[in-house]
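Going letter by letter, the sequence shown gives residues -9 to 87 in the numbering used here. Idealized CB from N, CA, C, for every residue including glycine. If you're wondering where the values come from, they're calculated on a predicted model, not measured in any experiment.
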Amino acid sequence: MLPNDFPKWRLDGTWERINHKLQQWVRVLEDDEPNPSAAIVDSQSVENGTMVSQAVGFDSGKLVKGRKRHFLVDTLGLVLMVVVTSADESDQAGARK
-9 MLPNDFPKWR LDGTWERINH KLQQWVRVLE DDEPNPSAAI VDSQSVENGT
41 MVSQAVGFDS GKLVKGRKRH FLVDTLGLVL MVVVTSADES DQAGARK
């Protein structure tokens, strides 16, 4: 168990900073610019677990009741951001979040 005064890394931005530096490092190793000049948005509809109580929706295109994960990736496929919404959220609306 960690002491109470140990920083909460998932809340203070530590993991985001680590991820950003690792992405820059990988991009430079691939002879690319450290920061991406373009990104791609895609989504994945997934069924809910039985104990999940947060908002769900129905993706009529994929016939899935549950949630949708919206991914923003760079041109190398490195994940820049993930947003989870109800499955009935469109890709365009999810990208704005």
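Per DSSP, the bridge partner or partners of residue i
{"i": "E37", "result": "G56"}
{"i": "V16", "result": "Answer is none; V16 lacks a bridge partner."}
{"i": "T75", "result": "K58"}
Three-state secondary structure (DSSP) of residue i
{"i": "D22", "result": "coil"}
{"i": "L109", "result": "Since the first residue of the chain shown is -9 and the last is 87, residue 109 is not available in this structure."}
{"i": "D32", "result": "strand"}
{"i": "D81", "result": "helix"}
{"i": "K(-2)", "result": "coil"}
Residue i and residue j closer than 9 angstroms at C-beta
{"i": "P26", "j": "D64", "result": "yes"}
{"i": "H60", "j": "D32", "result": "yes"}
{"i": "L62", "j": "E20", "result": "no"}
Cutoff 8 angstroms; reference residue i; Cβ partners in own chain excluding five residues on either side
{"i": "V18", "result": "P24"}
The ligand GTP heavy atom lying under 8 angstroms from the CB of residue i
{"i": "L68", "result": "Only the bare structure without any ligand can be found here, which leaves the ligand GTP out of the picture."}
Of the residues the options, the one placed nearest residue i, counting alpha carbons only
{"i": "M71", "options": "G56, V36, S35 and A29", "result": "A29"}
Contacting residues, own chain, Cβ-Cβ under 6 angstroms from residue i (five flanking each side not counted)
{"i": "K58", "result": "S33, S35, T75, A77 and E79"}
Beta-carbon contacts of residue i that lie in its chain and below 7 angstroms, excluding the five residues immediately before and after
{"i": "V73", "result": "H60, G84 and K87"}
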